[in-house]
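J.: Dumping the structure here so I can ask a few things about it.
Residue numbers (our numbering): 106 to 355.
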């Protein structure tokens, strides 16, 4: 009986990366890593941009509700929540004045009505906070001539007759029953990118600017007619933002 022994195929010559090829690969990886780090450092800007857009829609909701229901409404920004400090300066809700069963205002003669929350509202993106320091109730006559010395902080109120998660002190932007804002020269709403200790109230631990977020602010003016105009540059938001540095509170 004749046996056959299988022949193995000849092996192809072994190949390896040359020094030049390895250097090219390393260079490409370095470029990709640099681009990635630049992209990550700009993520705060995306948070501010989306936060401004969302906040504008909340103000439009408040104005539209006032007109549709013929009630006073307001936008509330949490200054210091009693039981939920991690959402300080980030939670925004719409409220309207308390009504009778037929939908008419219960206490129309009161200058400061009892407010009823109309929805759960929104929370600004992570590391994005409302600026108590730069938001003013008397900002400017028009968006192209913003005053360098803004006057008057935003008014505040306390909500205690609401669910536990919403109890606390709030900043308030108010509209009358015709959707007209109570600010003759326009009030400003300004947010910025920063960091803070979320387990402590914002009144004792306000947000601070980070190195990457030094000029990362945005916002808009709420005009007398209830409409808004977005700021096109930090310079329009007030003199203080021109020189703000890393580590400063806002």
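From the three backbone atoms N, C-alpha and C, an ideal C-beta is built for every residue, glycine too.
Between residue 274 and the rest of its own chain, which residues show a CB-CB distance below 6 angstroms, the 5 nearest in sequence each way excluded?
T.: Closer than 6 angstroms at the Cβ level, and outside the excluded window around residue 274, lie 184, 185, 261, 263.
J.: Could you tell me which of 329, 279, 257 sits nearest to residue 291, measuring between CA atoms?
T.: Checking every option, the nearest Cα to that of residue 291 belongs to 329.
J.: Take the Cβ of residue 279 as the centre, count every other Cβ of all protein chains shown within 10 Å, and call the residue buried at 16 or more, exposed below.
T.: Answer is buried; the Cβ neighbour count reaches 16.
J.: Alpha carbon to alpha carbon, how far is residue 207 from residue 304? Give it in angstroms, no decimals.
T.: Rounded to whole angstroms, residue 304 to residue 207 spans 42 angstroms at the Cα level.
J.: What's the C-alpha gap between residue 217 and residue 277?
T.: Distance between the alpha carbons of residue 217 and residue 277: 11 angstroms.
J.: Buried or exposed: residue 341, going by 16 or more other Cβ atoms within 10 Å of its Cβ?
T.: The residue in question, residue 341, is buried, as its Cβ has 16 or more Cβ neighbours within 10 Å.
J.: Does DSSP put residue 173 in a helix, a strand or coil?
T.: It is helical.
J.: Buried or exposed, going by whether 16 or more other CB atoms sit within 10 Å of the CB of residue 242?
T.: So residue 242 ends up on the buried side.
J.: Which one of 160, 180, 307, 223 has the shortest CA to CA distance from residue 230?
T.: Minimum Cα distance to residue 230 is reached at 160.
J.: Are there 16 or more other CB atoms within 10 angstroms of the CB of residue 232, so buried, or fewer, so exposed?
T.: Residue 232 comes out buried.
J.: Identify every run of the beta strand (DSSP E) within the stretch 168-251, keeping only runs that are complete inside it and at least 3 residues long; order them along the chain.
T.: List check, beta strand (DSSP E) in window: 178-186, 196-202, 220-222, 233-235, 241-245.
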